[in-house]
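Numbering (this note's numbering), first residue to last: 2 to 270.
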């Protein structure tokens, strides 16, 4: 991520952080055999070209060393499971930088879907309470929470990827509220991003209102933040679908993630 602080403090800290990470990669990387075994049942990752798979292994190594994994619900979280999560989590930043995952430390893994209490006040002042069943959740400056069953279902090339979804939320939160507008790279035009995503989001919801079939999960219509997160799943899992349904959004995501999955994995499109 681009440094924005003034003075020399941040560059110095970044230099020492770089040295520490290089030492981690030199002294205790995820072994190639362990990495291949952990992603063997994840076609999205197993089919990556060797140079990208090697880069992903290095990023996953940093993820394992800089994030804290916790299990809940009597889940026995193995090293192979953690590697699989780390690899899926690092795919969105494969062509970015690990600092895009700054500001949070913990990954909590449940065996299956988990329940979260919710409450909201309606327009007339009545408070409503309910429970929501989730496969994943990302908290602002807090943990990422995942269902292992949903992790196992991710990366199969069908468009569903709970890890990428929650990582997209984390990227979205880097510059404030989760609103579908992550910090853009230099050279990207915020007005173009807003126009392309807003137009696609409104068109998508209009189609839902007309009860039209859409190959994209209707959950994408919940909010701009969910639209960005869901389309991030499809961008990596089924890029041709995003390209065909929302070509302007696809072009924006290619710029943001600095990759074009259609050029890399056409078989998964």
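Ideal Cβ placement from N, Cα and C applies to all residues, glycine included.
Model, not experiment: these values are computed from the prediction.
Spatial distance of residue i from residue j (CA atoms)
i, j, result
"residue 155", "residue 164", "7 Å"
"residue 203", "residue 222", "8 Å"
"residue 133", "residue 115", "8 Å"
"residue 60", "residue 128", "44 Å"
"residue 71", "residue 211", "43 Å"
"residue 188", "residue 261", "17 Å"
"residue 27", "residue 200", "46 Å"
"residue 63", "residue 247", "33 Å"
"residue 144", "residue 106", "7 Å"
"residue 195", "residue 180", "11 Å"
"residue 270", "residue 125", "Bear in mind that a pLDDT of 45 at residue 270, under 50, signals an unreliable position, so the model cannot answer this."
"residue 206", "residue 20", "47 Å"
"residue 241", "residue 157", "15 Å"
"residue 215", "residue 91", "28 Å"
"residue 141", "residue 111", "19 Å"
"residue 36", "residue 100", "22 Å"
"residue 79", "residue 185", "36 Å"
"residue 146", "residue 75", "15 Å"
"residue 22", "residue 68", "13 Å"
"residue 224", "residue 265", "30 Å"
"residue 208", "residue 24", "52 Å"
"residue 255", "residue 160", "17 Å"
"residue 263", "residue 217", "17 Å"
"residue 259", "residue 117", "34 Å"
"residue 213", "residue 15", "50 Å"
"residue 182", "residue 135", "23 Å"
"residue 153", "residue 193", "36 Å"
"residue 257", "residue 53", "18 Å"
Burial state of residue i, where buried means 16 or more other Cβ atoms lie within 10 Å
i, result
"residue 17", "exposed"
"residue 174", "buried"
"residue 148", "buried"
"residue 139", "buried"
"residue 220", "exposed"
"residue 109", "buried"
"residue 162", "buried"
"residue 250", "buried"
"residue 239", "buried"
"residue 283", "Lying before the first or after the last residue shown, residue 283 is absent from the chain, which here runs from 2 to 270."
"residue 253", "buried"
"residue 65", "buried"
"residue 137", "buried"
"residue 245", "exposed"
"residue 226", "buried"
"residue 73", "exposed"
"residue 191", "exposed"
"residue 13", "exposed"
"residue 177", "exposed"
Opposing strand residues paired with residue i [DSSP bridges]
i, result
"residue 135", "115"
"residue 146", "109 and 138"
"residue 31", "According to DSSP, residue 31 bridges with nothing at all."
"residue 71", "109"
Supposed contact pair residue j and residue i - C-beta distance, whole angstroms, cut 8 Å
i, j, result
"residue 228", "residue 198", "7 Å"
"residue 38", "residue 81", "7 Å"
"residue 77", "residue 113", "Going by Cβ atoms, the distance from residue 77 to residue 113 rounds to 14 Å, so no, they are not a contact pair."
Can you confirm whether the segment 89 to 107 touches the segment 33 to 52 when touching is taken to mean that 3 or more C-beta pairs between the two stretches lie within less than 8 Å? yes
Across the segment 21 to 40 and the segment 56 to 76, are there enough close Cβ pairs to call them in contact, namely three or more that are closer than 8 Å? yes
Any contact of the segment 36 to 47 with the segment 76 to 86, i.e. 3+ C-beta pairs under 8 Å? yes
Spell out a yes or no on whether the segment 168 to 188 and the segment 222 to 234 are touching, meaning 3 or more CB-CB pairs, one atom from each, closer than 8 Å. yes
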